[in-house]
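Engineer: Line by line, the protein sequences give chains X and A.
To convert, note that position 111 of the first sequence is 102 in our numbering; the numbers rise steadily by one, no gaps.
To convert, note that position 117 of the second sequence is 163 in our numbering; the numbers rise steadily by one, no gaps.
One structure follows; several queries about it will come next.
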Amino acid sequence: MSQGYRRNITEISQEHRRAAAQRCSPSPRAVGTARQRGPALSAAVGALCRALPPRARPAPDTLRRARFDRPQAVSAGRSARRPCGARGSGDQRDPRMRRGPGTHSALHGSATGTEPWSLDFWKLLYVLLKQIHGGSWTESDAIGAQVRFVQWALWYHGYGRPQLRRLPADGSAGSRELLLAFSWLLRRPGLLEQLLALNRVQTGDHTSVCTCEDDVPGSQEGPGEAGPEGRVDVRYLQWLHGRLRLQWCSLHAQHQEQCRLLHKIHSFTSGSHMDQNLGHFSVTEADLIRHPENYKQLLQLLESETTQLEAFLEWKQLEPVYWQWMETVLDDMAEEGNMCESQDADVEKRRLPEVTSCCPWAARLAGQMDRLSRDLLALQEQLHQLLAQRKAAWWEKVAAREELQKERFSATARKARESTELKLRGLTPLCAPQKTRMHGLCRLVLRNKQPASRVASGQCVSKEAAAALRAAEVIRELRLREASLQRELQQLQQQCRTRLDGIAEGLEGVICISP
Amino acid sequence: MAHIPVPVSQTQTTGGSSSLPCAGPKVALARSQGETGTEPGPLPPPAAGSVFSGRSTAKAEGNKSRLCPDPKRGRHSRHRDPSARHPRRCGERDRSRSRLSPGAAPASAPEPPGTPQARGRSRLSSGPLPPQARGRSRLSSGPLPPPPRSGPAPPAGPGRAAGSAESAGLAGAEAGPMLPAGRGRRAAAALRAALSAGAERRRELERRAARSRALLGRWDDEEEERPQPQSASSTEHEDRPSPKELEDLELLNRALEKALKVRKSILETPLEGQGARGQKWAGEAHAPKKAQVQQVPVPVEDVPECRKVRAGSQKPLLLKKPSAYQLRAPYRTDPDVKKLQRKVPARCVSQGPRTAGKISSKGVTSKQGRSHRTVTGASAREVSAAAQPQETPGLSESAPNDQQSFSGGDSAAVKNSTVAGKQLLDSGNKSCGFLGESSKKEDTAGAWGRSTSPRAGTLQEKGCQLKLPLPYRKAYSRNCRAWERCRLCQTSADAAAARTRFVERIQTTFCSPKLTPSPAEIEEELRGLQDVPSRVRQCMEAEAADLPTLQGEYESLLTLEGLQSTVSQCLQKLQLLQEALESQLRLCPECPGDVGSCSPACVPARGQMCDSADMLAVPLLCYSSLQELRDLFALKLQVAMLHQEIALQKVMMAELLPVLEARPCLEGSAGLFRAIHSQLCQGGRSFPVLVRDELLD
C-alpha cells in the first residue's frame, strides 16, 4: 500500500512537471498571433465543457458560436432560414470570425436550425446556477422563468451589466452577453470549483456542518382539516403541533442510534481503509464489500468524476487562451458602441422606486439584519450599564488603595491588557477574518488517537490538516447558533405575549393569568 | 386561589380556571383500550411522548381511572383533535380540592410543572408538558407531585367552584374553538408540511439505520432481512396509527407484562406442565421472548428503550397485526395465558439478566443481527407455522428449548458464528476471487459478479481484515489522486493576469456601484455576524462574577470595554451591510417565482473569493468519541428544530393573532384565546388561566 502511495506521489510530481511545461508553451503562442489560437481555443473550450457536470454539459459549440451573438428567432420556421442570413451579417460585422480555422466548420456542422443558440445558453446557465443554488429544476421549465432566474442569480452574485438586464425575456437573444456572464461566473464565485465540490461523489458518511437555514418546505392546504362551515378546530392545530414535537423526539432518538451504529462501524473497521487519512470504512464502503454487485453505479460515478477532474486540470492549463479570447469578445462589444448608455440611465430610474417589492430572499435578509441590530443594540445598552457600574466600583477601590499600588500596578495592567486581547481575539469575524464559516457536507472520520497518528504520518496529516474540521469546533459553533436561535424564538414569543396581553386587557371582566 | 391578583371583595365568583376542552391532553393509550372498535386515529402526542420510557406509559395507564369519558368524543375524531382523545377532566370540584390539600396527589390537577418553561409559575393549569419532561417527571415520582406552590391554601370552597360551569360555557365547551377557514388551513398546512418533512427525514434515517444494522449483524444471512425495515417505514401513513405509535402501545404492553412478571416471580411457582403445551401457545411465546430480547440490553448500555424497539425492528410483526391496539391477553383473566405467564417469568428472570451480564458490548452488537432474524422468523411463523425449518421444531417440541435457542443461544451465537463463518469462508474463498490480488487481471464484470459468496461473520470480527474490492480501490485511488492534483493545481501567472484583466474590464461596465459587496457577499458576511451577540453574551456572563483581586477586576473591566467596542464595530458593519443591501436591491431584477431556492446551496467555502484549493480539498470532519458524535448530532437536530420552530412561529403569528384581534369580546372565544396563547407564547406547552371577574352591579 505504502509503495503504491509513493508511486502515486511520484506520478503526481511528474505530471506536474509536464503540466508546467505545457503551461509555459501555449502562452507565447497565444500572445503571438490570434490565428494560432484556433486549435488551442477549441481545446480549452472543450476541456471547460468536459469539466462541467455531466447533466449540464454543453456542446463546445454552444460557447464558441455564442460570441457571434446572432439574434435568433424562436419559431422554427424563421430560424430555419436564419443561419445563412445570420452568417452573412456576422461576417460583415465581425471580420475576425473567419480567423479560427475550426470555427467555420463547427458553426456549419452543428447549427441545428430549429433552436436559437441563445436559448441553449440560457438553459446552460439556468442549469448551472440552479445546481449552485440547490433548487430543483427540469429541462422543461418555462423559458421565461429560466431567464428570470438566471438574471436574478447573476444579480445575486454581483454581476451588474445592464445589457444583460435588457435581454428579451423569451430567451431569443443575447448569447454573447451570456457568454460574458458565464466567463465572469467562472472567476467570481469559482463556478467550476463550486460545481465540482458540490457534486463530489460521496462514498463516506457525510453530514452537513453548516448552520444555514434549511428551506422551509412550501406548505399546501390539504383536505380534511376544516370542520363544519369550513372552519378549523384550533385543537387540531394543537394536536399537529404536539405530533411535531413528538416527531422531533423520535428523530433525536433515531439520530442517537445512528451515531451509535456509525461509531461501531467506524471503530470496527479502523485501519482497513487504504486511504490513510480516513483509516476506516464508511457505511457505504462496508456495504460495498458485502454487496459489491450493488455498487456498479457508484463505480461509474467515480470514474466519470475522475475524467471530469482530469478535464478540469486540462482546462487549468489551457485557461490563458480562453481569457484572451474573452478579451477579444469584450473588444467587439466596445466597438459596437456606447449607444446603450442613455438607456442605462432610464433603466436605473425605473428601478429606483420598487425597492420594497423585492423578493422574499431580500425580505428575509432584511429581517435578519433588523433582528441582529436590535440584538446588538440591546447588548450595547447592557454592556454600557454594566461598565458604568463596574467603573464606579473600580474607582472607589482604586482611590482607597491608591498610594500603595501605583508603582506596581502599571506592570500588572500591561499584563491584564495582554490577556484580554488574547481573550477577545477570535470573538468576532471582524477580528479573525481568515476564519471562514463552514458549509456543506463533510465526511465523518473517527480519529481516536489524535497525537499518535500525527506523529506516525507527519507530512501526510499536516498536508490535509487545513481541510479537516474538528467535531469539537463544530459543536461549539452549533451551541452558539442554538443560543441565538433560542433567543430569537423567545423574542417572538414575548412579542406574542405582549400582543395577547393587550387583547386580554380589552376583554371585559376577564383576567388572564399567564402560566 | 390566593395567587389570583383580584381582591376577593370585588370578585363575586371567580370561576377558577376555565376548564378548556383543550387544556390537558391526557393519556390516550388508556382510552384506546375501550376504543378498539372506533376509527383508529393517531395517538395524541403527549401520551405518545413516553417513547423515552415504557414505564411512564405504564404509569400513564394508571391514570386512566381518573379520567372521565369525553361526551364529545367522536364528533371531532375526523379532525383528530386532541380533546377527542383527551377526555375532559370531570369535576372542577375535584380540582379545587386538590389545590386545598397540596400533600395529596391531585386527582385531576395539571401535570407537575417540571419543565423549565413552566417552572413554578404554571400554577392553575399548565397544559401538557413536553414529552420528555412528562415522561421523566412521572417516572421519578410515583404519584403526581403537587404543584410546587408555596402560597397559603386558597380560600376556595365548593361555592367557588360553582362558577366553573359558567366559565366552561364561556370557554365554548359546546363548540370547539374554531378558526376561520383560510387562516386555520394555512396554519395547519404549515404544521403538516413540517410534519411531512420530518417524516421524510425519519424514513431516510430509518433506511440508513437499517443499512448500518444489517452491516453490524451477521453477514451470511441478510437475504431475507434486508427489505423489511424499508417496507415497514414506507408504509407509514398519516391517517393511520403509525408503526411508531403502535410501538408505543407495544411498549406499554411490555411494561405491563413486566409488571405482571414481577408480581408472578414473587410467587415463584415451580415449572410444570411444559410438555403438553406444544404448538398451541407457541405463538404466544413471542411476546415474552421479545420482551426479553428487548429488555436485556438496557442495563448494559443506557439507551432509551424506544431505540431498542427500532433496533430490533418490531415493525414487521406489528404491521401484520393492526389490531395491536388492544392490550394483549395477559391482562385479561385468561386462564390459559396465566399459566404461560407463570412459566415465562421464571425463565426470563433467571436467565435474562445473567446472559446480559456476560454479553459484553460485543455480544450486544451481534444480538442486533440476531434479534432481527428471530423476529423475522417469528412473524413468518405467524403466517405459516412451519416457515423456518431449523427453528420450528424447537418451538413445537417445547417452549424452553425454543427460548434457549433464542436467548440463551445468543451468547453462544458469537462463538458459533465464528466457527460457521470460518467454514463458509473456507468454502467461499475459492470463488471469492474479487478480493484476492491474484484476480487483478480479471475483467470487472466477472469480479463484480455474484459468484463471490458473502463472507460470514460479523463486521466486528472481520472489520480489520476487510479489503475493498479491487475495482473500487482502483477507481477510488484514481479519483483521490485526481482531486489532490486539482487541489494543488495552481493557476498559471499569465492565466491569472488575463483573467483578472477580463474581470476588471467587464466590471467597469457594471451599473452597480463599484465597491458595494454583492448580495451573496452581504449574505455571507451577515452570517458571520449572526452569532456575535451569543458570543459576546457568553463572554459578558463570564465577566459578571465578582473578582477578588485587583488585577482580575481590571482585566474584567478591560474585557468589558473590549466587548463594547466589538459590539459597536459589529453595529457599524451591520449598518454598512444594510446600506449595501439597499443599494443592491435597487438593481434587483424581477424575482423568480419560487424563492425557496434563492440562496445558493452550501458548498464548502462558498460565497468568498477563495482559492480553488480550499474548495477542492476533501472535507473531513474528525470526531474522537461516540459522545462527541452524539453531541454533534443532537445539536444539529436542535438547531434544525429551532429553525423550524421559528418559521412556524412566524406563520402562526401571522395567522392566529389577527383572529383574536378581530373579535371585540370574549364571548365564545375564551377557549380560542387560551389555545392561541398557549400556542404562540408557550410553544403549546402550557396554558394561561382566564378568570371571570364579575363585579357587583
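Cβ coordinates follow ideal geometry from the N, Cα and C atoms, glycine included.
(1) Under 8 Å, do A38(X) and L309(X) count as touching if we go by C-beta distance?
(2) Less than 8 Å separating the beta-carbons of L116(X) and F548(A)?
(3) Since I believe D196(X) is in contact with R434(X) (beta carbons under 8 Å), could you give me their beta-carbon distance rounded to a whole number of angstroms?
(4) Within the same chain, show all residues whose beta-carbon is closer than 8 Å to that of Y669(A), passing over the 5 residues directly before and after it, in chain order.
(5) How long is the line joining the alpha carbons of W314(X) and C557(A), rounded to whole angstroms?
(6) Do the stretch 575 to 584 of chain A and the stretch 358 to 370 of chain X meet, that is, are 3 or more Cβ pairs less than 8 Å apart?
(7) In its own chain, which residues sit with a C-beta less than 7 Å from the C-beta of E276(X), not counting the 5 before and 5 after it?
(8) How about C503(X): is its C-beta nearer than 8 Å to some C-beta of chain A?
(9) Which of helix, strand or coil does DSSP assign to I502(X)?
(10) Does the separation of the CB atoms of I280(X) and P515(A) fall below 8 Å?
(11) Taking the DSSP output, what are the residues bridged to S199(X)?
(12) Which residues of chain A have a Cβ atom closer than 7 Å to the Cβ of C433(X), listed in chain order?
(13) Checking 8 Å against the spacing of the C-beta atoms, do A700(A) and P223(A) come in under that value?
(14) Indicate the three-state DSSP secondary structure (helix, strand or coil) for Y518(A) in the structure shown.
(15) Sorted by chain position, which residues of the same chain lie with C-beta nearer than 6 Å to A626(A)'s C-beta, five sequence neighbours on each side aside?
(16) Could you tell me the alpha carbon to alpha carbon distance between G509(A) and E473(X), rounded to whole angstroms?
(17) How far does the beta strand (DSSP E) with A588(A) in it extend, from its first residue to its last?
(18) For the pair the stretch 242 to 262 of chain X and the stretch 232 to 251 of chain A, tell me if three or more CB-CB distances fall below 8 Å.
(19) Counting contacts by CB-CB distance shorter than 8 Å, is V735(A) in contact with chain X?
(20) Could you tell me which residues DSSP pairs with R461(X) in its beta bridges?
(21) Pick out the complete beta strand (DSSP E) segments inside the stretch 123 to 201 of chain X, 3 residues or longer, and give them in chain order.
(22) Give the straight-line distance between the Cα atoms of Y147(X) and W265(A), rounded to the nearest whole angstrom.
(23) Does V308(A) get closer than 8 Å to chain B when you measure Cβ to Cβ?
(24) Only counting the same chain, and skipping five residues up and downstream in sequence, which positions put a Cβ closer than 8 Å to that of R139(X)?
(25) For the putative contact between L183(X) and F303(X), defined by C-beta atoms under 8 Å, what is the C-beta separation to the nearest angstrom?
(26) Have a look at A590(A) and P351(X) and give me their C-alpha separation to the nearest angstrom.
(27) Along the alpha helix (DSSP H) that carries L609(A), what are the first and last residues, could you check?
(28) So, using beta-carbon positions, are A227(A) and V225(X) closer together than 8 Å?
(29) What did DSSP end up calling M360(X) once you bin it into helix, strand or coil?
(30) Could you list the residues in the stretch 353 to 365 of chain X with a C-beta less than 8 Å from some C-beta on chain A, going in chain order?
(31) Quick one: which unbroken beta strand (DSSP E) runs of 3-plus residues sit fully inside the stretch 239 to 291 of chain X? Chain order, please.
(32) Are the C-beta of L377(X) and some C-beta of chain A separated by less than 8 Å?
(33) Just verifying my parser: in three-state terms, what is the DSSP assignment at T562(A)?
(34) Rounded to whole angstroms, what is the Cα-Cα separation between S359(A) and K520(A)?
(35) Comparing C-alpha positions only, which one of A354(X), W113(X), V436(X), E130(X) sits nearest to F272(X)?
Structural biologist: Looking at the atomic coordinates:
(1) Contact: yes.
(2) No, the pair does not count as a contact, with Cβ atoms beyond the cut-off.
(3) At roughly 7 Å, the Cβ-Cβ gap stays under 8 Å, so R434(X) and D196(X) are in contact.
(4) Excluding sequence positions up to five before and after Y669(A), its CB lies within less than 8 Å of the CB of L675, L678, all in the same chain and listed in chain order.
(5) One Cα belongs to W314(X), the other to C557(A), and the distance between them is close to 22 Å.
(6) Taking a contact to require three or more Cβ pairs closer than 8 Å, the stretch 575 to 584 of chain A and the stretch 358 to 370 of chain X qualify as touching.
(7) Excluding residues up to 5 positions away in sequence, T194 lie with their Cβ nearer than 7 Å to the Cβ of E276(X) in the same chain.
(8) Proximity of C503(X) to chain A, defined by a Cβ-Cβ separation below 8 Å, is satisfied.
(9) Annotated three-state conformation of I502(X) is strand, per DSSP.
(10) Yes, they are a contact pair.
(11) In DSSP, S199(X) forms a bridge with L432(X).
(12) Listed by position along chain A, the residues whose Cβ is nearer than 7 Å to that of C433(X) are P665, L666, L667.
(13) The Cβ atoms of A700(A) and P223(A) do not sit closer than 8 Å to each other.
(14) Looking at Y518(A) - three-state DSSP - the assignment turns out to be helix.
(15) Correct list, in chain order: T562, P563, I568.
(16) The alpha-carbon atoms of G509(A) and E473(X) are separated by roughly 37 Å.
(17) Note, A588(A): premise wrong, no beta strand (DSSP E); alpha helix (DSSP H) at 578 to 589.
(18) The stretch 242 to 262 of chain X makes contact with the stretch 232 to 251 of chain A; the number of CB pairs closer than 8 Å reaches 3 or more.
(19) Using beta-carbon distances, V735(A) counts as an interface residue toward chain X, with a partner under 8 Å.
(20) BP columns for R461(X) point to C668(A).
(21) With a minimum length of 3 residues, the unbroken runs of beta strand (DSSP E) contained wholly in the stretch 123 to 201 of chain X fall at 197 to 199.
(22) Near 51 Å, if we compare the C-alpha coordinates of W265(A) and Y147(X).
(23) Protein chains in the displayed structure are X and A, and chain B is not among them.
(24) Once the five neighbours on either side are set aside, the close Cβ partners of R139(X) are A160.
(25) Indeed they touch by this definition, with Cβ atoms about 6 Å apart.
(26) Their backbone Cα atoms lie some 40 Å apart in a straight line.
(27) Here the alpha helix (DSSP H) through L609(A) covers 596 to 631.
(28) No, the Cβ-Cβ distance between A227(A) and V225(X) is not below 8 Å.
(29) For M360(X), the secondary structure class from DSSP, reduced to helix, strand or coil, is helix.
(30) The residues in question are A353, L356, A357, Q359, M360, L363, S364.
(31) The stretch 239 to 291 of chain X contains no whole beta strand (DSSP E) run of 3 or more residues.
(32) At least one beta carbon of chain A lies nearer than 8 Å to the beta carbon of L377(X).
(33) In this structure, DSSP gives T562(A) a state outside helix and strand, which the three-state scheme calls coil.
(34) Residue placement at S359(A) cannot be trusted, given a pLDDT of 38 that sits under 50; the coordinates are not used to answer.
(35) The residue with the shortest Cα to Cα distance from F272(X) is V436(X).
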